[in-house]
Amino acid sequence: MKFLILFGLFFVISSTKSMTKDEIVKSREECIKELEIPDELLQQYALNQFPDDPKTRCYFHCYHSKLHVFNDEHGYDYDYIVKNTKFSDEFLQDFKICMDNLENRDEDRCKWAYKTYNCILKQHPDAIRNYMKTLN
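Mind the numbering: the sequence shown is residues -18 to -1, 1 to 118 in mature numbering (1 follows the signal peptide of the UniProt record, and there is no 0), read in order.
Here it is, written out as structure tokens:
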């Protein structure tokens, strides 16, 4: 169950935005249903393995869009993430580098979200799990 919440908490909105864990889980489940994500992919996600395939890429886009941290015009919203999360300065600096890396941008919004997220995940593979521990 922790992973169900964990994956989306990469960008969870702080209590000032009053988003609950239930809302986060609901958004995640909506994306799973909308995109018809198969169980075998969900099992990989639980192991922090995110294959470069259309369903996974669009899952990142869907989920992060629902959390209002990714939009189709500008990609990830760095200022919003800084303001509404409690990631380390090092993590945020690395995330900014991933965001600004033009190789991660793509006309396909699913690829754009996936490439950027994957960039930071490679540098900070435990950041999501550690962040989860800081939440109520």
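Note that CB positions come from ideal geometry on N, CA and C, so glycine has one too.
Within the same chain, S47, D59 come within 8 Å of N53 by CB-CB distance, once the 5 residues on both sides are set aside.
Here L23 has K37, T38 as same chain residues with Cβ atoms under 7 Å from its own Cβ, once five neighbours each way along the sequence are excluded.
Cα atoms of E18 and K65: separation of roughly 32 Å, rounded to the nearest angstrom. Comparing alpha-carbon positions, the option among I79, F69, K15, Q75 lying closest to Y41 turns out to be K15. The criterion of a C-beta distance shorter than 8 Å is not satisfied by F32 and N86. Taking K97 as the centre and dropping the five residues before and after it, the same chain places the C-beta of N86 closer than 6 Å to its C-beta, in chain order.
Assignment of N53 by DSSP, reduced to helix, strand and coil, places it in the strand class. Comparing alpha carbon positions, the residue from C80, D61, H50 closest to Q105 is C80.
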